[in-house]
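*Asks:* Just so we're aligned: the sequence shown equals residues 3 to 457 in this note's numbering.
We treat Cβ as the ideally placed atom computed from N, Cα and C, and that holds for glycine.
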Amino acid sequence: MKILNPANGELLAEVATDDAASVAAKAAAARAAQPAWAAVPMVERLAPLQRFRAAVVRELDTLAALLTREVGKPIAQAKNELNGLLPRLDFFFEQAEAAVRDEHVFNGGGMHEEITHVPLGVVANISAWNYPWFVGCNVIVPALLTGNAVLYKPSECATLTGQAITRLLHAAGVPQEVMQCLAGGGEVGAALLAQKIDGLFFTGSHATGQRIAQALAGRLVKVQLELGGKDPTYVRADADPKAAAESLADGAMYNTGQSCCSVERIYVHEAVHDEFVRHLLATVATFKGGDPMDPGTYIGAITRTPQLEVLEEQVLDAVAKGATLHGGGTRLPGAGNHFPPTVLTNVDHRMAVMREESFGPVIGIQKVKGDDEAVALMNDTRYGLTAGVYTQDEAAARAILSRVNAGTVYWNCCDRVSPRLPWSGVGDSGIGLTLGVAGIQTFTRPKAWHLRSPG
Ligand code: NAD
Numbered sequence: 003m004k005i006l007n008p009a010n011g012e013l014l015a016e017v018a019t020d021d022a023a024s025v026a027a028k029a030a031a032a033r034a035a036q037p038a039w040a041a042v043p044m045v046e047r048l049a050p051l052q053r054f055r056a057a058v059v060r061e062l063d064t065l066a067a068l069l070t071r072e073v074g075k076p077i078a079q080a081k082n083e084l085n086g087l088l089p090r091l092d093f094f095f096e097q098a099e100a101a102v103r104d105e106h107v108f109n110g111g112g113m114h115e116e117i118t119h120v121p122l123g124v125v126a127n128i129s130a131w132n133y134p135w136f137v138g139c140n141v142i143v144p145a146l147l148t149g150n151a152v153l154y155k156p157s158e159c160a161t162l163t164g165q166a167i168t169r170l171l172h173a174a175g176v177p178q179e180v181m182q183c184l185a186g187g188g189e190v191g192a193a194l195l196a197q198k199i200d201g202l203f204f205t206g207s208h209a210t211g212q213r214i215a216q217a218l219a220g221r222l223v224k225v226q227l228e229l230g231g232k233d234p235t236y237v238r239a240d241a242d243p244k245a246a247a248e249s250l251a252d253g254a255m256y257n258t259g260q261s262c263c264s265v266e267r268i269y270v271h272e273a274v275h276d277e278f279v280r281h282l283l284a285t286v287a288t289f290k291g292g293d294p295m296d297p298g299t300y301i302g303a304i305t306r307t308p309q310l311e312v313l314e315e316q317v318l319d320a321v322a323k324g325a326t327l328h329g330g331g332t333r334l335p336g337a338g339n340h341f342p343p344t345v346l347t348n349v350d351h352r353m354a355v356m357r358e359e360s361f362g363p364v365i366g367i368q369k370v371k372g373d374d375e376a377v378a379l380m381n382d383t384r385y386g387l388t389a390g391v392y393t394q395d396e397a398a399a400r401a402i403l404s405r406v407n408a409g410t411v412y413w414n415c416c417d418r419v420s421p422r423l424p425w426s427g428v429g430d431s432g433i434g435l436t437l438g439v440a441g442i443q444t445f446t447r448p449k450a451w452h453l454r455s456p457g
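1. Does the region 233-242 come close enough to the region 382-395 to have 3 or more Cβ pairs within less than 8 Å?
2. Counting pairs of beta carbons, one from the region 146-153 and one from the region 171-181, are three or more of them closer than 8 Å?
3. In the DSSP output, which residue or residues are listed as bridge partners for Ala126?
4. Just verifying my parser: in three-state terms, what is the DSSP assignment at Cys139?
5. Kindly indicate which three-state DSSP category Arg357 falls into: helix, strand or coil?
6. Within 10 Å of its beta-carbon, does Met3 have 16 or more other beta-carbons around it, so buried, or fewer, so exposed?
7. Could you check the C-alpha separation between Ser157 and Glu115 for me, to the nearest Å?
8. On the DSSP bridge assignment, give the partners of His328 in chain order.
9. How many angstroms separate the CA atom of Ala40 from the CA atom of Phe136?
10. Which first and last residues belong to the alpha helix (DSSP H) in which Phe93 is found?
11. Along the alpha helix (DSSP H) that carries His281, what are the first and last residues, could you check?
12. For Cys263, count neighbouring Cβ atoms within 10 angstroms of its own Cβ and tell me buried if that reaches 16, exposed if not.
13. Taking the straight line between their C-alpha atoms, what separation do you get for Val107 and Ile117?
14. Apart from the five residues just before and just after Ser431, which ones in its own chain have a Cβ nearer than 7 Å to its Cβ?
15. Report yes if the C-beta of Lys198 is less than 7 Å from at least one heavy atom of the ligand NAD; otherwise report no.
16. Quick check: the region 282-294 against the region 312-320, are there 3 or more CB pairs under 8 Å?
17. Could you compute how far the alpha carbon of Trp425 sits from the alpha carbon of Ser261?
18. Does the separation of the CB atoms of Thr446 and Leu435 fall below 8 Å?
19. With a cut-off of 8 Å on the beta carbons, I'd call Pro294 and Lys75 a contact; round off their distance for me.
20. According to the Cβ coordinates, are Val223 and Gly206 closer than 8 Å?
21. Less than 7 Å between the CB of Phe203 and some heavy atom of the ligand NAD, yes or no?
22. I'd like the list of long-range same chain contacts for Cys139, defined as Cβ closer than 8 Å, with 5 residues on each side in sequence excluded.
23. What is the rounded straight-line gap between the Cα of Gln226 and the Cα of Arg405?
24. Which one of Gly186, Tyr256, Trp131 has the shortest CA to CA distance from Val467?
25. Could you name the residues of the same chain whose beta carbon sits closer than 7 Å to that of Gln309, not counting the 5 residues immediately before and after it, in chain order?
26. What number of angstroms, rounded off, separates the C-alpha of Gln36 from the C-alpha of Met380?
27. With a 10 Å radius around its C-beta and 16 neighbouring C-beta atoms as the bar for buried, classify Arg333 as buried or exposed.
28. Quick one, are the C-beta atoms of Leu194 and Val25 less than 8 Å apart?
29. Which term fits Glu46, buried or exposed, when burial requires 16 or more other beta carbons within 10 angstroms of its beta carbon?
30. Under 7 Å Cβ to Cβ from Arg53, same chain only, skipping five residues before and after it: list those, please.
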């Protein structure tokens, strides 16, 4: 498989891919090795993962450069991802033992009742490329900590990063058989699904997630799907339009708009709409595009070439239906996949840009008359990953956010993930969760013990 730099088309590497036989061999080795790994005390599983963290810190600059070359993420944002990984790892390290500690829930009349949390066994992780360190480690680290073996298939667009994660885990002392990396695209993912696995943890698009769920439906394998979104934000009449615009421009365009929780739709009260749009355009005008290796670059490359067409079609569709385009709207000429920040106003829900995930630096802004209309529009979607509101009024924010169907809600912030909070989606944004204490427990199953003492 050829790995190309999406920012300039340069060949970075050629990687040997797995096939059905090598996937089966890796799965068998993981199956054989998992019980011994599960039998190791938690503290001994923790030690290599802490050494892995230290290696990430030590190699941060090299790993960030690799990530930037492979996915086109601006170098400053690649470093942010790696630095942002550290508190996530710390959360898992601090919480893992308590999360899966035995629970003694009843003692009386000669009966003792206990719950133990046993590892699922061999878990598969099929992953996305847009935040490969985050979405990979959200699964790999708690799964390993709780005694599972992991079969990890990074995205074909982040193979080198996936291999780097695996190399560092092995070098830190995680046994080779317990942590296996598979290289390749959808066909290798499909070969992985054909193995005997005890859990499937997927991050990627809704279309692939649905295919995976169908492939596993007959086998009663635990399935978690973290999928896309069409994340809305509402700017109320009482919000500070400048502060909201600056925050939301970043929320829509950071990571070149290629975040599952990017702001994808903005609804603005008519009283502050024009002022908000003016500030948002002024902020977007400061976003520097270009070579992702340049520390000043804010808009990097579009990682997957076909996405350029999706973005162009959304813009054409919106303009044909009456939207106003404020600059951008088409790919940039020259080598690599570059698309400028694109803002559309006068949009509505007949337009694909307000209904389908853009996954690029494109944002639609729609004028609304009040809270009820905003809530109705926010909920007019098949997705439900995140949603937000900007207002001075906390009570109003809480009332609005409690009516919105989303796994995560934000007041005066956006595009934010916390290791302490569960990350989950409603509707076509997925099933299951990662992060939070529940995101550790999800790699185990509770086993119920009914113990009657003979006396
Ligand atoms: P994708 O669905 O194209 O690919 C995801 C993974 O699935 C890749 O590893 C791919 O090789 C594999 N795959 C493809 N076909 C397969 C098949 N038939 N069987 C098994 N595996 C198969 O998604 P992507 O382009 O890598 O990621 C972008 C999407 O991920 C966006 O929709 C984004 O919103 C979503 N995402 C969601 C979250 C979240 O936390 N909810 C986080 C990051 C990304």
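*Replies:* In terms of the structure at hand:
1. yes
2. yes
3. Leu153, Leu202
4. helix
5. coil
6. Around the beta carbon of Met3, fewer than 16 other beta carbons lie within 10 angstroms, which makes this residue exposed.
7. 43 Å
8. DSSP, once it has assigned bridges, lists Val345 as partnering His328.
9. 24 Å
10. 77-101
11. 275-287
12. buried
13. In a straight line, the C-alpha of Val107 is about 7 Å away from that of Ile117.
14. Leu229, Gly230, Gly231, Tyr385, Gly386, Leu387, Gly409
15. no
16. The region 282-294, when compared against the region 312-320, does not touch it at the 8 Å Cβ threshold.
17. 14 Å
18. no
19. Contact between Pro294 and Lys75 holds: their C-beta atoms lie close to 6 Å from each other, under 8 Å.
20. no
21. no
22. Leu87, Arg90, Leu91, Ile167
23. Whole-angstrom Cα-Cα distance: 25 Å.
24. The requested residue 467 is not part of the displayed model; the chain covers only 3 to 457.
25. The answer, listed in chain order, is Phe361, Gly362.
26. Taking the straight line from one Cα to the other gives about 44 Å.
27. The residue is buried, with at least 16 neighbouring Cβ atoms inside 10 Å.
28. yes
29. exposed
30. Ala174, Gly175
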